[in-house]
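In what follows, a structure is listed as structure tokens, so that the remarks can point back to it.
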């Protein structure tokens with residue numbers, strides 16, 4: 054199957070690949086092309102920018118959580134109606150989960166999807182020295198096809214001329230497809246916070262500023278050359294995602310708003326296709342819950358919106374009242390925080406939350422946990438058989454201090470979860486965990502979740 058595609062990577066993290074990626078997406082759309090974006094790894098925030106600028110949901114490609122066949126099938130399914138697919142890498146091209154093998158790396162995804170790579174290289178205080186770096190990256194794994202470079206953070210025209218000349222003399226099959234000057238516009242407009250870029254959902258009034266930065270970067274990218282490279286990509290085998298079609302007689306509410314925006318689109322789509330009905334709920338604006346059997350609260354930034362969440366007392370009471378009547382809740386990370394008694398935010402003030410989990414949450418300056426979680430299901434787990442392994446991802450600066458003994462759904466084999474030993478607090482009708490799960494890791498987890506609701 055012919056799918057024009059390109060993968061944007063870098064030598065290391067913080068090289069500007071996200072800014073370059075969204076500038077490229079915007080530029081391709083201005084050329085009248087339908088763009089399907091992807092992000093390597095489990096991140097939620099960068100894909101929110103892809104989605105905003107492409108007009109279509111960005112999808113994650115994760116070789117830790119997904120099988121190779123699933124990666125191929127998801128890529129093909131979501132790219133089939135696009136003119137070009139743009140994949141943003143994670144960290145540096147060869148950086149991996151264990152630092153020894155290629156597992157979880159951008160390079161691994163580039164080989165699975167047979168996709169040409171454009172490498173973003175930081176030109177700060179360097180010129181000819183970029184040559185041996187690229188030479189080493191090419192020699193390290195010849196199966197990774199580096200076809201272009203974008204030189205970022207160029208100080209002046211003289212430095213640019215030196216670098217471009219050096220590259221053209223040294224490499225005949227790697228093109229310089231972008232030379233981006235250092236710019237205060239980009240540095241100031243692309244706002245970062247403790248989990249990375251500030252999500253698009255919180256920046257609706259500021260996106261004009263972001264567009265200004267993206268426009269600047271886009272002006273220094275040679276779009277025609279990039280399109281040409283994307284069309285060199287090999288044909289892919291046709292593979293389909295094999296989800297059995299099942300209908301479960303449950304009504305699900307998903308809390309999607311400025312606070313809770315960390316949802317993999319496939320998770321919501323699976324529920325939409327399997328449940329009887331799905332509705333969205335706003336934790337800040339809504340005062341009542343619709344008639345639902347389960348509430349799904351994803352991750353996000355309750356610590357940033359703690360005061361506003363505290364003020365919406367009617368919603369908090371509604372949630373408690375409905376749980377007492379039998380409604381189930383599945384919550385991840387920020388959702389778990391919201392269900393606690395209190396959150397002590399970065400301003401050192403305490404804010405009252407829903408109070409269904411007996412404990413308070415406090416924030417820390419450094420991450421409590423960041424990475425993949427390997428979990429073993431325990432007895433009484435509504436999502437998986439006892440002893441089975443579930444793989445997910447966590448990234449949190451918070452920790453919950455529980456006031457009483459609770460039952461857990463999972464034992465943590467690798468990662469942190471709730472306390473370094475367990476994850477998945479089970480209390481009456483609630484399952485709340487720090488780990489984010491993806492339906493493409495194992496759809497049966499989400500099917501069992503809906504069956505758990507239906508059969509109760």
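Residue numbers (my numbering): 54 to 509. Every residue gets a Cβ at the ideal spot worked out from N, C-alpha and C, and that includes glycine.
What do you reckon, are the CB atoms on residue 466 and residue 427 nearer than 7 Å?
Yes. Within cutoff.
Would you kindly work out how many angstroms separate the C-alpha atoms of residue 207 and residue 59, rounded to a whole number?
Near 23 Å, if we compare the C-alpha coordinates of residue 59 and residue 207.
Spatial distance of residue 469 from residue 476 (CA atoms)
The straight-line gap from Cα to Cα measures roughly 8 Å.
Can you give the Cα-Cα distance for residue 77 and residue 92, rounded to whole angstroms?
Between residue 77 and residue 92, the C-alpha separation is close to 14 Å.
Quick check on the burial criterion: 16 or more other C-beta atoms within 10 angstroms. Buried or exposed for residue 332?
It counts as exposed.
Cα-Cα separation between residue 436 and residue 484, rounded to whole angstroms
Each residue's alpha carbon lies about 10 Å from the other.
Residue 489 to residue 221 span [Cα, whole Å]
The alpha-carbon separation between residue 489 and residue 221 amounts to approximately 45 Å.
Determine, using beta carbons only, whether residue 350 and residue 412 come nearer to each other than 7 Å.
Residue 412 is positioned such that its CB atom lies no closer than 7 Å to that of residue 350.
Given 8 Å, three or more beta-carbon pairs between the stretch 190-201 and the stretch 160-178:
Contact check between the stretch 190-201 and the stretch 160-178: three or more CB pairs, one atom from each, fall below 8 Å, which counts as touching.
Assuming residue 186 is part of the alpha helix (DSSP H), what are its boundary residues?
Start and end: 183-193.
With residue 352 and residue 313 assumed to form a contact (beta carbons below 8 Å), what rounded beta-carbon distance in angstroms separates them?
Between residue 352 and residue 313 the beta-carbon gap is near 7 Å, inside 8 Å, which marks them as a contact.
Whole-angstrom distance between residue 486 and residue 383, CA atom to CA atom:
Between residue 383 and residue 486, the C-alpha separation is close to 8 Å.
Using the Cβ count rule (16 or more neighbours within 10 Å means buried), how would you classify residue 153?
Exposed, by the Cβ-count rule.
Answer yes or no: do residue 205 and residue 229 have a C-beta to C-beta separation smaller than 7 Å?
The answer is no: Cβ separation not under 7 Å.
Straight-line CA distance for residue 397 to residue 376?
One C-alpha to the other measures close to 24 Å.
Have a look at 420, 63, 274 and 74 and flag the residue whose alpha-carbon is nearest the alpha-carbon of residue 187.
For the residues 420, 63, 274 and 74, the minimum Cα distance to residue 187 belongs to 63.
So the candidates are 97, 265, 118 and 69; which of them puts its Cα closest to the Cα of residue 177?
Ranking 97, 265, 118 and 69 by Cα distance to residue 177 puts 69 first.
Determine, using beta-carbon pairs with one atom in the stretch 169-185 and one in the stretch 93-113, whether at least three such pairs fall under 8 Å.
As far as the Cβ criterion goes, the stretch 169-185 does not touch the stretch 93-113, which means the pair count is below three.
Using the Cβ count rule (16 or more neighbours within 10 Å means buried), how would you classify residue 491?
Around the beta carbon of residue 491, 16 or more other beta carbons sit within 10 angstroms, so the residue counts as buried.
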